[in-house]
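Undergrad: Have a look at this one before I ask anything.
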Amino acid sequence: MTTDLGVEPTPLALLLLGRQADPESERGTACPGELPAASDPDLVERARAAKAALGDKLFVLGHHYQRDEVIQFADVTGDSFKLAREAAARPGAEYVVFCGVHFMAESADILTGPHQQVVLPDLAAGCSMADMASTEQVAEAWDVFTDLGLDGDTIPVSYMNSSAAIKAFTGRNGGTICTSSNAEVALRWALDRGRRVLFLPDQHLGRNTAVRSLGLSLDDCVVYDPRKPSGGLSADQLRDATMVLWKGHCSVHGRFSLECVHDVRRRLPDVQVLVHPECRHEVVSAADLVGSTEFIIRTIEAAPAGSTWAIGTELNLVSRLAKAHADKTIVFLDKTVCFCSTMNRIDLPHLVWALESLVDGRVVNRIEVDPQTAADARTALDQMLALPAL
Ligand code: 13P
Ligand code: SF4
218 MTTDLGVEPT PLALLLLGRQ ADPESERGTA CPGELPAASD PDLVERARAA KAALGDKLFV
278 LGHHYQRDEV IQFADVTGDS FKLAREAAAR PGAEYVVFCG VHFMAESADI LTGPHQQVVL
338 PDLAAGCSMA DMASTEQVAE AWDVFTDLGL DGDTIPVSYM NSSAAIKAFT GRNGGTICTS
398 SNAEVALRWA LDRGRRVLFL PDQHLGRNTA VRSLGLSLDD CVVYDPRKPS GGLSADQLRD
458 ATMVLWKGHC SVHGRFSLEC VHDVRRRLPD VQVLVHPECR HEVVSAADLV GSTEFIIRTI
518 EAAPAGSTWA IGTELNLVSR LAKAHADKTI VFLDKTVCFC STMNRIDLPH LVWALESLVD
578 GRVVNRIEVD PQTAADARTA LDQMLALPAL
């Protein structure tokens, strides 16, 4: 089917509202209609009371991109690497409530024991980047590598921001998961074992790490477009590449442009530009510092009073940093508002609903990965957790 504009519509809806699950997507959705009203003045007290009632049975994880109203209830906050490690380290908690997005909750389910149940307060909290690599597309791509005899010396490295099925593919094929805080060490590990890497699904993290941290050239990287036959690449291009980058990106970090960097430098001459490696290569190249959300937080914490920063990452985190460090000037790199809409799906009404349901003995929005997928994905996640620290 083509639209009036003559283009193929995306098979992957980016934000699904409704009751059905979408088999094309890394998540399902459910809006059971039992949510407390957002205007309820008692929501904070209700969340506190439910947490207290659940006590040690409950462990709440919060990603740095979560809203302030939610993050205040997290037992631990972190980037996706830290949260995966924390989930794996809490065998005592019966319920792990994940304030983050679907792929993070899936990873938590894979890394926790069978007696633990992982809850995502709103199932519509997916990730458009993770949705850009479907199981079928990746299987088709791997067939291309196999037909060319390249599967034996190609190591898949998948970003944490991918579905459990893609992580399972990675585990079955001798690869590893990485996050933005360990992508360099993951790529070095992979290139010690193979001639080339298939990097999924964020082309920017793959390219930025290969070029900035490993010293590869842009010519060593090719982009595999899953919408084109053989990814739009010739056999020679695939064979000769060191990095085969999946054509996926983060719709939030992808908004920051080189113009944003030039503009902020014009407006604030002493500014230091600090960006996440999911930003485009030209943005990362023009920045002063690049790193994961944990790196961004550590950098601002260590910065001297009076210093000036423009930060290119999700807005909830940037505004929280600006509030917490009033002695420094902290601005958002883009002039327009840029929240991650799916991270923002987790709000206080959903959190209260999930917690109060647990108090009532009902586990809502449980994230459960099927055992075979979980076992294969765990191989790749365990490989990531075993990578040496940088
Ligand atoms: P990190 O948590 O690894 O910094 O990744 C950012 C992100 O986009 C999470 O969705
Ligand atoms: Fe996905 Fe980007 Fe949102 Fe992270 S910030 S959840 S990568 S869309």
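So the mapping is simple: our numbering equals the position in the sequence shown, first residue as 1, plus 217. Glycine residues also receive a C-beta, built at the ideal position from the N, C-alpha and C atoms.
So, with DSSP's three-state summary, where would you put H542?
TA: Here residue 542 corresponds to residue number 325 of the sequence shown, with the count starting at 1. Of the three classes helix, strand and coil, the one that applies to H542 here is coil, per DSSP.
Undergrad: Using 8 Å as the cut-off, can you tell me whether the segment 356-368 makes contact with the segment 453-466, which would need three or more C-beta pairs spanning the two stretches below that distance?
TA: A contact exists between the segment 356-368 and the segment 453-466.
Undergrad: Cβ of T525 versus every heavy atom of the ligand SF4: is any distance shorter than 7 Å?
TA: Numbered from 1 along the sequence shown, position 308 holds the residue referred to as residue 525. It does not: the Cβ of T525 is nowhere closer than 7 Å to a heavy atom of the ligand SF4.
Undergrad: On the premise that I514 lies in contact with H493, defined as a C-beta separation below 8 Å, what is that separation, rounded to the nearest angstrom?
TA: To locate residue 493, count along the sequence shown from 1; it is residue 276. To locate residue 514, count along the sequence shown from 1; it is residue 297. That pair is no contact at about 11 Å.
Undergrad: I'd like the list of long-range same chain contacts for S509, defined as Cβ closer than 6 Å, with 5 residues on each side in sequence excluded.
TA: For the purposes of this step, residue 509 is taken as residue 292 along the sequence shown, with counting starting at 1. So the qualifying residues of the chain are D296, S397 and S398.
Undergrad: Does the beta carbon of D487 fall short of 7 Å from some heavy atom of the ligand FAD?
TA: This structure lacks the ligand FAD; the ligands present are the ligand 13P and the ligand SF4.
Undergrad: Look up I372 in the DSSP assignment and give the residues it is bridged to.
TA: Numbered from its first residue, the sequence shown carries residue 372 at position 155. Partner(s): V414.
Undergrad: Please name the residue in C496, A342, A400 and D442 whose C-alpha comes closest to that of S380.
TA: Here residue 380 refers to the residue found at position 163 when the sequence shown is read from its first residue. For S380, the nearest C-alpha among the options comes from A342.
Undergrad: Who are the Cβ neighbours of R484 in its own chain at under 7 Å, not counting the five residues just before and after it?
TA: Residue 484 sits at position 267 when you count from the first residue of the sequence shown. So the list is empty, once near-sequence residues are dropped.
Undergrad: Relative to the alpha-carbon of A305, which residue among A322, G317, A291 and V414 has its alpha-carbon at the smallest distance?
TA: In the sequence shown, counting from the first residue as 1, residue 305 sits at position 88. Ranking the options by Cα distance to A305, first place goes to A322.
Undergrad: Can you tell me which of I563, F386, A603 and I372 puts its alpha carbon nearest to the alpha carbon of V277?
TA: Numbered from 1 along the sequence shown, position 60 holds the residue referred to as residue 277. Taking only the C-alpha atoms, the option nearest V277 is I563.
Undergrad: Of all the options E499, R389, R537 and D292, which has the alpha carbon lying nearest to the alpha carbon of Q589?
TA: Counted from its first residue, the sequence shown places residue 589 at position 372. Of E499, R389, R537 and D292, the residue nearest in Cα terms is R389.
Undergrad: Report yes if the C-beta of H470 is less than 7 Å from at least one heavy atom of the ligand SF4; otherwise report no.
TA: Here residue 470 refers to the residue found at position 253 of the sequence shown. It does: the Cβ of H470 is within 7 Å (strictly closer) of some heavy atom of the ligand SF4.
Undergrad: Count the other C-beta atoms from every protein chain shown that fall within 10 angstroms of the C-beta of S573, then say buried if there are 16 or more, exposed otherwise.
TA: Taking the first residue of the sequence shown as position 1, residue 573 is located at position 356. The amino acid occupying residue 573 in the given sequence is Glu; Ser does not appear at that position. Per the 10 Å Cβ criterion, buried.
Undergrad: Just how far apart, CA to CA, sit V501 and N425?
TA: Counted from its first residue, the sequence shown places residue 501 at position 284. Counted from its first residue, the sequence shown places residue 425 at position 208. Their Cα atoms are separated by approximately 7 Å.
Undergrad: Does the Cβ of R654 have 16 or more other Cβ atoms within 10 Å, making it buried, or fewer, making it exposed?
TA: With the chain represented from 218 up to 607, any question about residue 654 goes unanswered, as that position is not in the structure.
Undergrad: Taking K274 as the reference, give the member of V581, V402 and L575 with the closest Cα.
TA: For the purposes of this step, residue 274 is identified with residue 57 of the sequence shown, where counting begins at 1. The shortest Cα separation from K274 among V581, V402 and L575 belongs to L575.
Undergrad: For V318, is the beta carbon positioned less than 7 Å from some heavy atom of the ligand SF4?
TA: Sequence index remark: in the sequence shown, residue 318 carries index 101 (1-based). V318: yes, Cβ under 7 Å from the ligand SF4.
Undergrad: Using 8 Å as the threshold, is the C-beta distance between V478 and A520 below it?
TA: Stepping through the sequence shown from its first residue, residue 478 is reached at position 261. Stepping through the sequence shown from its first residue, residue 520 is reached at position 303. No, the pair does not count as a contact, with Cβ atoms beyond the cut-off.
Undergrad: Per the contact definition of three or more C-beta pairs closer than 8 Å, is the segment 593-606 in contact with the segment 278-293?
TA: Flag = no, the segment 278-293 and the segment 593-606 do not touch.
Undergrad: Is S351 buried or exposed, if buried means 16 or more other CB atoms sit within 10 Å of its CB?
TA: Translated into the one-based positions of the sequence shown, residue 351 becomes position 134. Counting Cβ neighbours within 10 Å, S351 comes out buried, since at least 16 surround it.
Undergrad: At a threshold of 7 Å, does C395 count as lining the ligand SF4 (C-beta to nearest heavy atom)?
TA: Within the sequence shown, residue 395 is the residue found at index 178, counting from 1. C395 Cβ: outside cutoff for every heavy atom of the ligand SF4.
Undergrad: Give me the Cα-Cα distance between S434 and D551, rounded to the nearest whole angstrom.
TA: On the sequence shown, position 217 is the one that residue 434 refers to. On the sequence shown, position 334 is the one that residue 551 refers to. Cα to Cα, S434 sits roughly 28 Å from D551.
Undergrad: Pull up the distance between the alpha-carbon of L455 and that of C555, whole angstroms please.
TA: If you number the sequence shown from 1, residue 455 lands on position 238. If you number the sequence shown from 1, residue 555 lands on position 338. For L455 and C555, the distance between alpha carbons rounds to 35 Å.
Undergrad: Hey, would you say Q333 sits closer than 8 Å to P443, going by beta carbons?
TA: Numbered from its first residue, the sequence shown carries residue 333 at position 116. Numbered from its first residue, the sequence shown carries residue 443 at position 226. Not closer than 8 Å, so no.
Undergrad: Would you grab the beta carbon distance between R284 and N561 for me? Rounded to a whole angstrom, and I think it's under 8 Å.
TA: The residue you call residue 284 lines up with position 67 of the sequence shown. The residue you call residue 561 lines up with position 344 of the sequence shown. About 6 Å separates the two Cβ atoms, so the contact holds.
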